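K.L.:
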Amino acid sequence: MYKYLSTVAIIAAIVVLCYTEESSICSRKNAGNVATFVRDSNNCSVYHICVLGRSMGELACPSDLVFSITYNVCVRKGQERDDCNKTSSLGGVSDDVLCNDYPNGNNRNPENCHSYIPCFNHTSRTVMQCPDRLHFSLKLQRCVLAKEANCKLEKSKN
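Just so we're aligned: the sequence shown equals residues -20 to -1, 1 to 138 in mature numbering (1 follows the signal peptide of the UniProt record, and there is no 0).
#1: Nearest to F47 by CA position, among N22, R34 and L120, is which residue?
#2: Checking 7 Å against the spacing of the C-beta atoms, do Q121 and N86 come in under that value?
#3: The alpha helix (DSSP H) spanning E38 covers which residue range?
#4: Can you pull the DSSP bridge partners for N87?
#5: May I ask you to list the residues that DSSP assigns as paired with T16?
#6: Classify V73 as buried or exposed, calling it buried when 16 or more other Cβ atoms lie within 10 Å of its own Cβ.
#7: DSSP on V46, reduced to helix/strand/coil?
#8: By a C-beta neighbour count over all protein chains shown, 10 Å radius and 16 as the cutoff for buried, is V31 buried or exposed?
#9: Please classify V77: does DSSP put it in a helix, a strand, or coil?
#10: Given a threshold of 16 other Cβ atoms within 10 Å of its Cβ, counted over all protein chains shown, does R113 qualify as buried or as exposed?
Encoded structure:
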């Protein structure tokens, strides 16, 4: 019985230590968000799943794809949405066309009415999600009921 309890205690301690150990890549960016993706600083094809500032795992994009910080998805290398070589030291895309309307504010996500893209000095940041059932209003600069947002998605160029 003592051996069993000792083994359970050791396993529990290991699980707790693994869970509470902060990953430096996750604690540097978006630690306040519940869940986010963070691109690896050494390899644009690799990204980390971060939950509350801790890494939950590392994933790799399929061959010939890189992870886009702006869109939080894997995109083709060299494509318009490939921001691998355009990122600023703060993690956004410098001179991002998505920041044209509000270079120092929130801009609509052309692919998703439920999210928006914060910008500072024409540099985009990580896409932010609106709460459930709300859409982003460019005019009001906040998430509102869908009927108030007047959101129209652009057709995909792909």
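Positions of the beta carbon are idealized from the N, C-alpha and C atoms, including for glycine.
Predicted, not measured: the structure shown is a model, and the values here were computed from it.
P.N.:
This is what the structure gives:
#1: As a first step, residue 47 must be located in the sequence shown, where it is residue number 67. Closest option to F47, Cα to Cα, is N22.
#2: Here residue 121 refers to the residue found at position 141 of the sequence shown. Here residue 86 refers to the residue found at position 106 of the sequence shown. Result yes, Cβ atoms of Q121 and N86 sit closer than 7 Å.
#3: In the sequence shown, counting from the first residue as 1, residue 38 sits at position 58. No alpha helix (DSSP H) contains E38, which is instead part of the beta strand (DSSP E) from R34 to A40.
#4: One-based indexing of the sequence shown puts residue 87 at position 107. N87 pairs with I97.
#5: Taking the first residue of the sequence shown as 1, we reach residue 16 at position 36. DSSP, once it has assigned bridges, lists C30 as partnering T16.
#6: Along the sequence shown, read from residue 1 onward, the residue named residue 73 stands at position 93. Under this definition V73 is a buried residue.
#7: Mapped onto the sequence shown, residue 46 falls at position 66. Note: V46 maps to strand in three-state DSSP.
#8: Position 51 of the sequence shown holds residue 31. Classification for V31: exposed.
#9: On the sequence shown, position 97 is the one that residue 77 refers to. Note: V77 maps to helix in three-state DSSP.
#10: To locate residue 113, count along the sequence shown from 1; it is residue 133. By the 10 Å Cβ count, R113 comes out exposed.
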